[in-house]
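**Student:** Quick one: the structure is below, questions incoming.
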Amino acid sequence: MNKEIDVAEERVLGELRKVRDPDLGKDIVSLGFVRNIKIEGASVSFDINLTTPACPVKDQMRDEAEALVGALDGVTSAKANMTAEVRKAPRMDKSSLAGIKNIVAVGSGKGGVGKSTIAVNLATALSMAGASVGVLDGDIYGPTMPIMLGVTGPPDHVGNRITPRESSGLKFMSMGLMVKTPDQPLIWRGPMAHKAFQQCLFDVDWGELDYLVVDLPPGTGDVHLTLAQSVPITGCVIVSTPQDVGLQISVKTLRMFEQTKVPILGIIENMAYYVCPHCDSKDHIFGDGGARRAAEQIGVPFLGEVPLDLPIRTQADAGVPIVIAQPEAASSVVLRGIAERLAAQISIQNYNTPVLEVE
Amino acid sequence: MSNAAGPTDPVKIKKLDSRNLMIQWADGHESRYVGPVLRGLCPCASCQDEDTGQRLILPIHIPDTLEFKTVELVGLYALQFGWSDGHGTGIYSFERLRQLCPCEDCTKASPGATGSAADD
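Chains as they are written, first to last, in this note's numbering: chain Z, 3 to 361; chain L, 5 to 124.
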């Protein structure tokens with residue numbers, strides 16, 4: 003009975019059909035993730051091409067696929083190479099932004115909830131996972147991102163096109179870069195804000211980006227409406243504190259996005275608790291679990307809770323996002339997890355959005 | 005709340021000719037709109053009083069010969085038309101457009117939402 007068993011591609015595919023992407027709810031063969039099957043005698047290798055390099059279940063899928071194929075009769079070794087290619091949002095085709103696959107807005111109800119800190123760290127975490135990422139600081143009245151990324155001075159331009167600055171692996175643009183001195187305020191009425199934001203979005207040579215993270219000003223104003231009307235954004239994330247007063251206003255921002263059909267990718271709770279540096283005890287200063295309950299009530303994903311700790315603030319002031327400066331800090335671990343869950347929600351959204359044909 | 009595609013999500017928008025527009029929705033329904041009728045329902049502030057909602061432009065003010073010049077998407081939620089009379093500030097949300105579907109089934113289901121003679 004030692005007849006050599008021929009390992010046909012069909013049998014490998016048959017096993018791989020048992021591996022499901024838990025986010026998209028389908029098997030990886032039907033989703034078109036399996037590529038490049040190579041069978042050399044008893045060794046099988048193949049690629050699994052995921053929808054994001056920041057996939058939270060990457061290792062689990064690889065182990066499962068290798069175990070299933072490795073258990074086939076006649077196979078002695080199975081190797082899965084994990085690759086990733088971020089899919090473009092189905093409606094993202096505005097010509098001047100043609101290189102951008104997904105635009106993700108980060109908003110909040112009230113100010114001071116740490117929205118920019120979260121946005122810059124999520125963008126950095128996605129970039130560290132291997133994605134190409136840009137950040138647009140849309141808070142034209144109170145731009146804080148130049149400080150958080152340690153960037154000053156105006157960007158270069160080629161003709162009418164602005165070259166984004168680069169820092170911490172991100173392409174970056176902010177109105178804060180355009181003022182002469184950091185303490186110079188912008189005193190503008192709505193129409194100017196609208197025009198300035200459009201310029202920061204459309205006149206910048208973003209190049210090829212998997213994700214452009216747009217940090218919005220707090221509330222529901224000109225910039226939000228401009229963004230919702232000018233580009234088919236993949237979705238938005240709402241940052242809130244656990245406090246009721248903050249949450250109620252966050253829901254207003256969420257409703258505004260809903261009215262303009264911008265999908266809500268999830269809610270993030272910031273300043274969820276304070277960890278005492280002396281005794282490691284947790285203090286829920288602003289209340290416990292408020293944003294999680296709100297997300298459950300409204301029926302949107304809850305992406306995670308970020309603790310209030312000293313390093314996240316000092317790193318922001320020092321111009322290096324904490325996920326790079328102190329990757330092992332508690333808040334960095336949490337932020338990376340949130341970035342992965344966000345990337346998964348983006349993939350789900352793109353998968354479920356019907357293609358729109360316009361003739 | 006759900007991000008899933010539904011009856012107010014378009015899957016196909018097609019200008020049939022200079023006066024007729026077709027929208028196919030994610031639930032499979034197909035709506036056919038006549039340009040001059042949509043123009044008469046323009047929701048912008050110069051065609052409809054912002055406070056009272058009273059119509060300042062009525063369908064009877066719109067010539068039958070009016071044509072679509074441009075049909076543009078507004079983000080993910082609406083269409084904006086450029087008309088041959090030079091007007092173009094109205095933003096028609098997909099939700100509103102679905103309500104305005106002039107087909108027999110839809111007008112029966114919500115009479116008066118169609119901009120038919122009953123609205124004048």
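Cβ atoms here follow ideal geometry from the backbone N, Cα and C, with glycine treated the same way.
Tell me, which residues are paired with V160/Z by DSSP?
**Tutor:** If you number the first sequence from 1, residue 160/Z lands on position 158. Note: V160/Z sits in a beta bridge opposite R163/Z.
**Student:** Relative to the C-alpha of P219/Z, which candidate in Y143/Z, T126/Z, V325/Z has its C-alpha closest?
**Tutor:** Here residue 219/Z refers to the residue found at position 217 of the first sequence. Checked all of Y143/Z, T126/Z, V325/Z; the closest Cα to P219/Z is Y143/Z.
**Student:** Based on the DSSP output, what are the partners of S173/Z in its beta bridges?
**Tutor:** Translated into the one-based positions of the first sequence, residue 173/Z becomes position 171. For clarity, residue 173/Z is Lys in the given sequence; the question names Ser instead. Its beta-bridge partners are G136/Z, E168/Z.
**Student:** Does the Cβ-Cβ distance between T146/Z and I326/Z come in under 8 angstroms?
**Tutor:** The count along the first sequence starts at 1 and reaches residue 146/Z at position 144. The count along the first sequence starts at 1 and reaches residue 326/Z at position 324. Going by C-beta atoms, T146/Z is not nearer than 8 angstroms to I326/Z.
**Student:** Give me the subset of the region 32 to 54 of chain L whose CB atoms are less than 9 angstroms from a CB atom of chain Z, sorted by chain position.
**Tutor:** Listed in sequence order: no entries.
**Student:** Checking contacts by CB at 8 angstroms: is I112/L closer than that to chain Z?
**Tutor:** Taking the second sequence and counting its residues from 1, the one referred to as residue 112/L is at position 108. In the sequence on display, residue 112/L carries Lys and not Ile. Output row for K112/L: interface = no.
**Student:** With the cut-off set at 8 angstroms, would you say P244/Z and G301/Z are in Cβ contact?
**Tutor:** Here the question's residue 244/Z lines up with position 242 in the first sequence. Here the question's residue 301/Z lines up with position 299 in the first sequence. Taking 8 angstroms as the Cβ cut-off, P244/Z and G301/Z do not qualify as a contacting pair.
**Student:** Listed in chain order, which residues of the region 67 to 79 of chain L have Cβ atoms closer than 8 angstroms to some Cβ of chain Z?
**Tutor:** Those would be V75, L77, V78, G79, in chain order.
**Student:** For the ligand FAD, is there any heavy atom lying closer than 7 angstroms to the beta carbon of V46/Z?
**Tutor:** Only the bare structure without any ligand can be found here, which leaves the ligand FAD out of the picture.
**Student:** Report the partner residues of M125/L according to the DSSP bridge assignment.
**Tutor:** Past the boundaries of the shown model lies residue 125/L; chain L is included only from 5 to 124, so the question cannot be answered.
**Student:** Note down, in chain order, each residue of its chain lying with its Cβ closer than 6 angstroms to the Cβ of P265/Z, except the 5 sequence neighbours on either side.
**Tutor:** For this step, residue 265/Z is matched to residue 263 along the first sequence. Cβ neighbours of P265/Z beyond the five flanking positions: G237, Q351.
**Student:** Of the residues that make up the region 248 to 259 of chain Z, which ones have a beta carbon closer than 9 angstroms to any beta carbon in chain L?
**Tutor:** Going along the region 248 to 259 of chain Z in chain order, one finds L256 with a Cβ nearer than 9 angstroms to chain L.
**Student:** Can you check which of these residues, F259/Z, I240/Z, P166/Z, K28/Z, is closest to Q231/Z by C-alpha distance?
**Tutor:** Against the first sequence, residue 231/Z aligns to sequence position 229. When each option's Cα is compared against that of Q231/Z, the closest is F259/Z.
**Student:** Using a Cβ cut-off of 8 angstroms (strictly closer), state whether Y81/L contacts chain Z.
**Tutor:** Within the second sequence, residue 81/L is the residue found at index 77, counting from 1. Chain Z, which has a Cβ nearer than 8 angstroms to the Cβ of Y81/L, makes this yes.
**Student:** Can you find a CB in chain L that lies within less than 8 angstroms of the CB of K263/Z?
**Tutor:** Numbered from its first residue, the first sequence carries residue 263/Z at position 261. Yes, because at least one Cβ of chain L sits closer than 8 angstroms to the Cβ of K263/Z.
**Student:** Could I get the ranges of all uninterrupted beta strand (DSSP E) runs contained in the region 191 to 272 of chain Z, with 3 residues as the minimum, in chain order?
**Tutor:** Counting whole runs of 3 or more residues, the region 191 to 272 of chain Z contains the beta strand (DSSP E) stretches 213 to 217, 237 to 242.
**Student:** Which chain L residues are close to Q200/Z, counting only those with a beta carbon under 7 angstroms from its beta carbon?
**Tutor:** One-based indexing of the first sequence puts residue 200/Z at position 198. In chain order: nothing, as chain L lies at least about 13 angstroms away.
**Student:** How would you list, in chain order, the residues of chain Z whose beta-carbon sits under 8 angstroms from the beta-carbon of P11/L?
**Tutor:** The count along the second sequence starts at 1 and reaches residue 11/L at position 7. None at all; the shortest Cβ gap to chain Z is about 12 angstroms.
**Student:** Using the rule of at least 16 other Cβ atoms within 10 Å of the residue's Cβ for burial, across every protein chain shown, is T228/Z buried or exposed?
**Tutor:** Locating residue 228/Z in the first sequence gives position 226, where the first residue counts as 1. Result: buried.
**Student:** On the three-state DSSP scale, how would you describe P1/Z?
**Tutor:** Within the shown structure, residues of chain Z are numbered from 3 to 361, placing residue 1/Z beyond reach of any answer.
**Student:** Starting from V14/Z and walking both ways along the alpha helix (DSSP H), at which residues does that stretch end?
**Tutor:** Here residue 14/Z refers to the residue found at position 12 of the first sequence. First-last of the alpha helix (DSSP H) with V14/Z: 11 to 18.
**Student:** What separation, rounded to the nearest whole angstrom, lies between the Cα atoms of P55/Z and P63/L?
**Tutor:** Numbered from 1 along the first sequence, position 53 holds the residue referred to as residue 55/Z. Numbered from 1 along the second sequence, position 59 holds the residue referred to as residue 63/L. Those two C-alpha atoms are separated by around 54 angstroms.
**Student:** Mapping DSSP to helix, strand and coil, what is M63/Z?
**Tutor:** Here residue 63/Z refers to the residue found at position 61 of the first sequence. The answer is helix: DSSP assigns M63/Z an H, G or I state.
**Student:** Do L358/Z and I27/L come within 8 angstroms of each other at the CB atom, strictly closer than that value?
**Tutor:** Within the second sequence, the letter at position 23 stands for residue 27/L. Within the first sequence, the letter at position 356 stands for residue 358/Z. No, the pair does not count as a contact, with Cβ atoms beyond the cut-off.
**Student:** Along chain Z, in chain order, which residues have C-beta atoms closer than 8 angstroms to that of P14/L?
**Tutor:** The sequence position of residue 14/L within the second sequence is 10, counting from 1. Under the 8 angstroms cutoff, chain Z gives L358.
**Student:** List, in chain order, every chain Z residue whose beta-carbon is nearer than 8 angstroms to that of I17/L.
**Tutor:** Along the second sequence, read from residue 1 onward, the residue named residue 17/L stands at position 13. Within 8 angstroms Cβ-Cβ: L358, E359, V360, E361.
**Student:** Which residue marks the beginning of the beta strand (DSSP E) containing M84/Z, and which one marks its end?
**Tutor:** For the purposes of this step, residue 84/Z is taken as the residue at position 82 of the first sequence. Segment 79 to 86, the beta strand (DSSP E) holding M84/Z.
**Student:** Using a cut-off of 7 angstroms between C-beta atoms, extract the partners of V233/Z located in chain L.
**Tutor:** Within the first sequence, numbered from 1, the residue matching residue 233/Z stands at position 231. The contacting residues are G79.
**Student:** Establish whether the CB of N354/Z and some CB of chain L are separated by less than 8 angstroms.
**Tutor:** To locate residue 354/Z, count along the first sequence from 1; it is residue 352. Output row for N354/Z: interface = yes.
**Student:** List the residues of chain L whose Cβ lies closer than 8 angstroms to the Cβ of A230/Z, in chain order.
**Tutor:** The count along the first sequence starts at 1 and reaches residue 230/Z at position 228. Those are G79, L80, Y81, listed as they occur along chain L.
**Student:** Count Cβ pairs between the region 202 to 218 of chain Z and the region 51 to 63 of chain L that sit closer than 8 angstroms; are there 3 or more?
**Tutor:** Because the criterion of three Cβ pairs below 8 angstroms is not met, the region 202 to 218 of chain Z and the region 51 to 63 of chain L do not touch.
**Student:** Quick test of the definition: if touching needs 3 or more C-beta pairs under 8 angstroms, does the region 25 to 41 of chain L touch the region 302 to 317 of chain Z?
**Tutor:** Verdict: no, contact absent.
**Student:** In chain order, what residues of the region 84 to 105 of chain Z put their CB closer than 7 angstroms to some CB of chain L?
**Tutor:** Cβ contacts with chain L: R93.
**Student:** Grab me the residues of V77/Z's own chain with a C-beta within less than 7 angstroms of its C-beta, minus the 5 sequence neighbours each way, in chain order.
**Tutor:** The residue labelled residue 77/Z in the question sits at position 75 within the first sequence. Cβ neighbours of V77/Z beyond the five flanking positions: V9, A44, V46, V71.
**Student:** Return the residue from the list E34/L, G90/L, V15/L, T12/L that minimises the CA-CA distance to P106/L.
**Tutor:** As a working mapping, residue 106/L is identified with position 102 in the second sequence. Ranking E34/L, G90/L, V15/L, T12/L by Cα distance to P106/L puts E34/L first.
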